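Below is one structure, written out as structure tokens; comments come after it.
Residue numbers (the numbering used here), protein chains in the order written: chain H, 1 to 417; chain E, 1 to 91.
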């Protein structure tokens, strides 16, 4: 039984100089057989395991991770959470996640530092204005809070934005989702890992999957660097490496893996208390609790697994940011990194069964998966446990690329896809 | 970020080029005969290889010509560049 984190446990541990805190999760060796194995120990994978154990009573399960938990895209994103997507299917999916975020710290007894500071999307040309107004209406019809802001209202909400009409990317308006915001991305992985571990889930790190064993159309188990693990159900949540795992099972996915970059500045005093995104110029910015500006850039257009991106992508983003926020002109950037994102042709995720019985894929989140972490885990757990999708992820099946029933969020989702 | 040796212009910065995705995907010869599964395979399914991948690139801010490239996607190292229409080397 895990100790509950509280003000009392904090005081109690202060007397022993914080040296006797209980381990948040164990480091077990894999058993010979599990009821289900999740491949990928990022936020989505750990959340899937957590909900499998909690809501579907599957306790004999494992999460295998080739590196350390939360060391992939979970620790590389810009932590933005919102649900203002255009289409009904996406709105349902992402708002389901947002509703779980709102109570997640209490549920996990782990502070994920969810901060509903609002997300503002800027319009820089007439088409942006039309698209954002349309999306605002669509959001409100789906019960998602959204307001359209004039240029003056944008300026009032975030005074450091340059709203002069004669700049290259003039601000013609914007949208605001007040329930949106940010969370501490590492804490999400750690909180879910602690919760899953407490219910008996084995979290096995430094364990890379090398093969998927099939018997005809059924899954029999996985080959890993720590030996063969027998299981009838495999849920793959491997983000940028989804195609690599699919290939092991003899499947092809409609994905391309590309580098997406982000960077942070030196820490400064609070200057921006919301998240501002601009899809026309591929730049978004927020400020972390440590004071760093967290800046997201766009993807490169070529396939790469190198976790590096091109310099001109960052340069383009910073050009736009400097024009929108002249106050940042003398800021220095501290760190820059890349993550590998798996992008679907329709820029929507896949949470689906496959043609192989017992093999499930949760992938294709592309440039915006972090926000969906709790909802993705919940719905994917439902799909694995029942061998049927939940109604909220039914539209995100793999067969949509055959039927043509795409969820085309490219450019429609107010994000720099 | 890397340099690309355009077969028509010589070595240039990668920022002058656009990536055109997987190479040697053949357009169906008889599109009217294709099943939905075959269309999906042609339109959407990609190898997305970690390792040696065959790709098309375009020198968009140069000669604007298309060519083929063999590249290791795990470290962005370019192995070979050959012209459009040429057959990929075996092995």
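The C-beta atom is built at its ideal place from N, Cα and C for all residues, glycine as well.
It should be emphasised that the depicted structure is a prediction, and the values quoted were computed from it without experimental measurement.
Check whether the Cβ atoms of residue i and residue j sit closer than 8 Å, and answer yes or no.
i                     : j                     : result
residue 40 (chain E)  : residue 370 (chain H) : no
residue 157 (chain H) : residue 246 (chain H) : no
residue 236 (chain H) : residue 64 (chain H)  : no
residue 341 (chain H) : residue 265 (chain H) : no
residue 424 (chain H) : residue 188 (chain H) : A query on residue 424 (chain H) cannot be resolved here, the shown segment of chain H reaching from 1 to 417 and no further.
residue 128 (chain H) : residue 176 (chain H) : no
residue 325 (chain H) : residue 73 (chain E)  : no
residue 303 (chain H) : residue 30 (chain E)  : no
residue 47 (chain H)  : residue 376 (chain H) : yes
residue 184 (chain H) : residue 112 (chain H) : yes
residue 160 (chain H) : residue 271 (chain H) : yes
residue 174 (chain H) : residue 248 (chain H) : no
residue 197 (chain H) : residue 62 (chain H)  : no
residue 409 (chain H) : residue 108 (chain H) : no
residue 373 (chain H) : residue 43 (chain H)  : yes
residue 398 (chain H) : residue 343 (chain H) : no
residue 16 (chain E)  : residue 55 (chain E)  : no
residue 1 (chain E)   : residue 252 (chain H) : no
residue 295 (chain H) : residue 263 (chain H) : yes
residue 320 (chain H) : residue 268 (chain H) : no
residue 225 (chain H) : residue 213 (chain H) : no
DSSP state of residue i, grouped into three classes?
i                     : result
residue 35 (chain H)  : coil
residue 176 (chain H) : strand
residue 409 (chain H) : coil
residue 299 (chain H) : strand
residue 417 (chain H) : At residue 417 (chain H), the pLDDT of 43 sits below 50, so the modelled position is not reliable and the matter cannot be decided from this model.
residue 222 (chain H) : strand
residue 150 (chain H) : coil
residue 119 (chain H) : strand
residue 75 (chain E)  : coil
residue 62 (chain E)  : coil
residue 42 (chain E)  : helix
residue 197 (chain H) : helix
residue 171 (chain H) : coil
residue 69 (chain H)  : coil
residue 328 (chain H) : helix
residue 448 (chain H) : This structure cannot speak to residue 448 (chain H), because chain H is shown only from 1 to 417.
residue 83 (chain E)  : strand
residue 86 (chain H)  : coil
residue 51 (chain H)  : helix
residue 14 (chain H)  : helix
residue 126 (chain H) : helix
residue 336 (chain H) : strand
residue 97 (chain H)  : helix
residue 394 (chain H) : helix
Opposite residue i in the DSSP bridges: which residues?
i                     : result
residue 420 (chain H) : Residue 420 (chain H) is absent from the model: chain H starts at 1 and stops at 417.
residue 56 (chain E)  : E:68
residue 365 (chain H) : H:343
residue 19 (chain E)  : E:57
residue 132 (chain E) : With chain E running from 1 to 91 in the structure shown, residue 132 (chain E) is simply not present.
residue 215 (chain H) : H:218
Throw me the rounded Cβ distance for the residue i and residue j pair, which I believe falls under 8 Å.
i                     : j                     : result
residue 136 (chain H) : residue 147 (chain H) : 7 Å
residue 384 (chain H) : residue 232 (chain H) : About 11 Å; that fails the 8 Å criterion.
residue 297 (chain H) : residue 276 (chain H) : Not a contact, Cβ separation roughly 14 Å.
residue 407 (chain H) : residue 90 (chain H)  : 6 Å
residue 222 (chain H) : residue 37 (chain H)  : 6 Å
residue 219 (chain H) : residue 358 (chain H) : 4 Å
residue 83 (chain E)  : residue 71 (chain E)  : That belief does not hold up - the Cβ atoms of residue 83 (chain E) and residue 71 (chain E) are roughly 16 Å apart, past 8 Å.
residue 347 (chain H) : residue 317 (chain H) : Contact flag wrong, Cβ pair sits at about 19 Å.
Check whether the Cβ of residue i sits closer than 7 Å to any heavy atom of the ligand FAD, and report yes or no.
i                    : result
residue 35 (chain E) : The ligand content of the structure shown is nil, which means the ligand FAD is not present either.
task: Identify every run of the alpha helix (DSSP H) within the region 233 to 303 of chain H, keeping only runs that are complete inside it and at least 4 residues long; order them along the chain.
output: 242 to 248
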